[in-house]
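Residue numbers (the numbering used here), protein chains in the order written: chain H, 3 to 507; chain A, 19 to 177.
C-beta atoms are modelled at their ideal positions from N, C-alpha and C, and glycine is treated no differently.
In this text, all values refer to a predicted model and were calculated from it rather than measured experimentally.
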Amino acid sequence: MFSKVLIANRGEIACRIAATLREMAIRSVAVCSEADRGALHTRVADEVVTIGPAESRASYLNVAAILEAAKRAKAEAIHPGYGFLAENAAFAEAVENAGLVFIGPSPEHVRAMGDKRAARALAESAGVPVVPGAEGGDTDGLVRAAKAMGYPVMLKAALGGGGKGMQVAHDEAQLREAIESAGRLALSAFGDAALYLEKRLERPRHVEVQVLGDGRGEAISLFERECSLQRRHQKVIEESPSPGVDDAARRALSQAAIALARRVSYRGAGTLEFLVAPGGAFYFLEMNTRIQVEHPVTERVTGLDLVRLQVEIAATGELPIAQADVVSRGHAIEARLYAEDAAHGFLPQAGTALKVRWPRDPFVRVDAGIEAGDTVPVHYDPILAKIIAQGATREEALDRLATALDETCVHGVITNLPFLKALARAGEVRAARFDTEWIEREFLAGFTAVATAPVPERALIAAALAEAMGPAASASVDGAGPEGEGEPVPDVFATVGRWRLPGLE
Amino acid sequence: MRYAFRDEDRDREVELTPLGEGRWRVVVNGAESEVAAEALGEGRFRLTDAEGEAIAEVTTAGDRRFVRLDTLEFVIDRQTRARRRGAGAGGGLEAPMPGVVTRVLVAPGETVKRGQPLMALEAMKMEHVIRAPADGTIKSVRAAAGQLVAGGVPLVEME
Numbered sequence: 003m004f005s006k007v008l009i010a011n012r013g014e015i016a017c018r019i020a021a022t023l024r025e026m027a028i029r030s031v032a033v034c035s036e037a038d039r040g041a042l043h044t045r046v047a048d049e050v051v052t053i054g055p056a057e058s059r060a061s062y063l064n065v066a067a068i069l070e071a072a073k074r075a076k077a078e079a080i081h082p083g084y085g086f087l088a089e090n091a092a093f094a095e096a097v098e099n100a101g102l103v104f105i106g107p108s109p110e111h112v113r114a115m116g117d118k119r120a121a122r123a124l125a126e127s128a129g130v131p132v133v134p135g136a137e138g139g140d141t142d143g144l145v146r147a148a149k150a151m152g153y154p155v156m157l158k159a160a161l162g163g164g165g166k167g168m169q170v171a172h173d174e175a176q177l178r179e180a181i182e183s184a185g186r187l188a189l190s191a192f193g194d195a196a197l198y199l200e201k202r203l204e205r206p207r208h209v210e211v212q213v214l215g216d217g218r219g220e221a222i223s224l225f226e227r228e229c230s231l232q233r234r235h236q237k238v239i240e241e242s243p244s245p246g247v248d249d250a251a252r253r254a255l256s257q258a259a260i261a262l263a264r265r266v267s268y269r270g271a272g273t274l275e276f277l278v279a280p281g282g283a284f285y286f287l288e289m290n291t292r293i294q295v296e297h298p299v300t301e302r303v304t305g306l307d308l309v310r311l312q313v314e315i316a317a318t319g320e321l322p323i324a325q326a327d328v329v330s331r332g333h334a335i336e337a338r339l340y341a342e343d344a345a346h347g348f349l350p351q352a353g354t355a356l357k358v359r360w361p362r363d364p365f366v367r368v369d370a371g372i373e374a375g376d377t378v379p380v381h382y383d384p385i386l387a388k389i390i391a392q393g394a395t396r397e398e399a400l401d402r403l404a405t406a407l408d409e410t411c412v413h414g415v416i417t418n419l420p421f422l423k424a425l426a427r428a429g430e431v432r433a434a435r436f437d438t439e440w441i442e443r444e445f446l447a448g449f450t451a452v453a454t455a456p457v458p459e460r461a462l463i464a465a466a467l468a469e470a471m472g473p474a475a476s477a478s479v480d481g482a483g484p485e486g487e488g489e490p491v492p493d494v495f496a497t498v499g500r501w502r503l504p505g506l507e
Numbered sequence: 019m020r021y022a023f024r025d026e027d028r029d030r031e032v033e034l035t036p037l038g039e040g041r042w043r044v045v046v047n048g049a050e051s052e053v054a055a056e057a058l059g060e061g062r063f064r065l066t067d068a069e070g071e072a073i074a075e076v077t078t079a080g081d082r083r084f085v086r087l088d089t090l091e092f093v094i095d096r097q098t099r100a101r102r103r104g105a106g107a108g109g110g111l112e113a114p115m116p117g118v119v120t121r122v123l124v125a126p127g128e129t130v131k132r133g134q135p136l137m138a139l140e141a142m143k144m145e146h147v148i149r150a151p152a153d154g155t156i157k158s159v160r161a162a163a164g165q166l167v168a169g170g171v172p173l174v175e176m177e
């Protein structure tokens, strides 16, 4: 087993990884940018190395600086967390070339799964269903393909990406029209009129399967997570098991995921994302070759520590558990707390979290990247924490989540907490009647109206009383005095918060 | 004592008169009432009004007030005279969020058209462009490219 591991990440996931390393008696090395000096993830690690300026490019994405830090700290392995360099094949390769262990899959798998077409081809070769699609061909060929897969269909430039020129057709007439205009568009934008036709799934759910592989052809499933509650493809609330699939579909999803992981001899933890159509048919979307943000819900229902399993597989090349050891019990549901203003277009927020209070329920876990007094910098993903509730049933877990969110208090930085609270109590969420577009289609307008409605007079009175009663009744940390009259708005970045010496935690 | 707040685009005001022993006379929107407030420490107090009791918790962050009433959270801004003057007279364009100024596209004295981009701000991988709200002249530019600015800070002044 390793004696020292470097965590190439920040925030809640770096703290989460450090916790498991501590349990395993492995020394942890945190890295931080200059903007993150003294951040929680550096305080919970055994050592910390500053790797560069605030901008991610110069720090958390700086491969040379991270390898240098690992060398200097004499770490034997690197855990990349999620985001940043976690799915960067060149980084995985550089780690291995430096004689270190990359806690994750082989660079080849990172690369293959990062290429959507290659991943789709691999899935097909493993017999895993993919969203029906057809490439190239003339108009009649495309019309025939559309008829075979069923309307509606989506048409896009074969060489394009990012949804440019994407058109939806609900019948043959619309398709013929779309082929002509999309072909012209594709030709002018990409120099090639070739089109790609894909079945458009209406109101799909997003269900993903957690797998573990030993890198030598054996793989097991830790079952599924339901992640349909999304806003602009960003997951908000996730749970396991999925309330949207039955036992037969659950088994089929796991089998498909295992088949693909075995087919490529996948190593470590990975997640296969699927779209599930209202009828229950499922299609492979992509594979994430890293620990997921939402991994705790799987940990809650299986009782397994996914980070520990990642470390053990990386160290030994073996799966520490067999499929028969994996049992899912009860229900777990997670809400992601972000520093963003849900009432105003989800604008990211930064500042100092002056007051932070987490729920104290014994069935609630909080994976947090901040404590009271910590700075939330502008430079990175605005995730602050994840609040994960569990229960014997989905209803119980959801009740606990709603209560836990009520107990949560973060002041000093605007968060999406009101949005999460409203979701946890929404009738459709309780009834599990949602799909990946439900939040934007049916929930957001109502939420925004409520969130921007006049603040109740009672809250104004409370704010005024806090001023009138002075410091005894209001928590103030800015030292600007009660009036602050004529003072400029304090620059939150001028005060970096507490400074601590590395390693003196 | 009068306390002015900004709630979205609404000006809201509360007038408080101490009556002693933790009781206050309150005037909001012309309506008068009486409340009791008992400090509980750590920025918490018990508020008792016609609706009943609530535990209030108020945190000050610059002009911003984070108000918790039992389990409900609200965010409002304290209005000071200076702030209101600035907003009224200057036609100042403020940073919508904390971030890094990535581009400054105008200089003082320049005439601009409504909708013209003046400055770009980046935070958490999102770019926000500050545009001219109306035709006019740039009076001053208050931030430089690469500078870190807090939310609400005036970036460009127009006239």
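Span of the beta strand (DSSP E), counted from its first residue to its last, around residue i
i, result
"residue 172 (chain A)", "172–176"
"residue 290 (chain H)", "284–290"
"residue 392 (chain H)", "385–393"
"residue 135 (chain H)", "135–137"
"residue 531 (chain H)", "No answer is possible for residue 531 (chain H): it lies beyond the span of chain H, which begins at 3 and ends at 507."
"residue 339 (chain H)", "333–340"
"residue 93 (chain H)", "Residue 93 (chain H) -> not in any beta strand (DSSP E); alpha helix (DSSP H) instead, spanning 91–99."
"residue 98 (chain A)", "Per DSSP, residue 98 (chain A) belongs to no beta strand (DSSP E) and is neither H nor E."
"residue 271 (chain H)", "269–278"
Bounding residues of the alpha helix (DSSP H) (the contiguous stretch that carries residue i)
i, result
"residue 420 (chain H)", "419–427"
"residue 73 (chain H)", "65–75"
"residue 312 (chain H)", "308–318"
"residue 151 (chain H)", "141–151"
"residue 115 (chain H)", "109–116"
"residue 449 (chain H)", "446–453"
"residue 252 (chain H)", "249–265"
"residue 346 (chain H)", "No alpha helix (DSSP H) contains residue 346 (chain H), which DSSP labels as neither H nor E."
"residue 370 (chain H)", "Where residue 370 (chain H) is concerned, there is no enclosing alpha helix (DSSP H), although the beta strand (DSSP E) it sits in stretches over 366–370."
"residue 45 (chain H)", "42–45"
Listed by chain order, chain H residues near residue i by CB distance under 9 Å
i, result
"residue 19 (chain A)", "466, 469, 470"
"residue 119 (chain A)", "Within 9 Å Cβ-Cβ: nothing; residue 119 (chain A) doesn't reach chain H, min ~11 Å."
"residue 74 (chain A)", "460, 461, 463, 464, 465, 467, 468, 475"
Chain H residues whose Cβ lies nearer than 7 Å to that of residue i
i, result
"residue 37 (chain A)", "Correct list: empty, because the minimum Cβ distance to chain H is about 12 Å."
"residue 89 (chain A)", "408"
"residue 53 (chain A)", "463"
Listed by chain order, chain H residues near residue i by CB distance under 8 Å
i, result
"residue 124 (chain A)", "Result: empty, since nearest Cβ-Cβ is about 22 Å, beyond 8 Å."
"residue 67 (chain A)", "460, 463"
"residue 159 (chain A)", "Residues of chain H passing the Cβ test: none, with the nearest at roughly 16 Å."
For residue j and residue i, believed in contact at Cβ under 8 Å, the rounded distance
i, j, result
"residue 228 (chain H)", "residue 213 (chain H)", "The pair is not a contact, with the Cβ atoms about 17 Å apart (cut-off 8 Å)."
"residue 379 (chain H)", "residue 121 (chain H)", "33 Å between Cβ atoms; not a contact."
"residue 330 (chain H)", "residue 243 (chain H)", "6 Å"
"residue 159 (chain H)", "residue 192 (chain H)", "5 Å"
Under 9 Å from the C-beta of residue i: neighbouring residues of chain A
i, result
"residue 462 (chain H)", "21, 23, 25, 30, 31, 32, 46, 85, 92, 94"
Residue i - partner residues in DSSP beta bridges
i, result
"residue 135 (chain A)", "A:149"
"residue 81 (chain H)", "H:9"
"residue 300 (chain H)", "Residue 300 (chain H) pairs with nothing; no bridge assigned."
"residue 158 (chain A)", "A:175"
"residue 353 (chain H)", "H:378"
"residue 51 (chain A)", "A:44"
"residue 156 (chain H)", "H:170, H:200"
"residue 79 (chain A)", "A:82"
"residue 52 (chain H)", "H:34"
"residue 21 (chain A)", "A:32"
"residue 221 (chain H)", "H:215"
Residue-level contact to chain C via CB, residue i, 8 Å cutoff
i, result
"residue 147 (chain H)", "This model lacks chain C altogether, as its protein chains are H and A."
For the region 431–459 of chain H, enumerate the residues whose C-beta is nearer than 8 Å to any C-beta of chain A, in chain order. 454, 456, 457, 458, 459
Can you pull out the residues from the region 408–422 of chain H whose beta carbon lies closer than 7 Å to at least one beta carbon of chain A? 408, 411, 413, 414, 416, 419, 420
Mind checking the region 12–36 of chain H against chain A and listing, in chain order, the residues whose C-beta falls within less than 7 Å of any C-beta there? none
According to a CB-to-CB cut-off of less than 8 Å, which residues of the region 72–86 of chain H neighbour chain A? none
Give me the subset of the region 305–335 of chain H whose CB atoms are less than 9 Å from a CB atom of chain A, sorted by chain position. none
What residues in the region 369–386 of chain H have a beta carbon less than 8 Å from any beta carbon of chain A? 380, 381, 382, 383, 384
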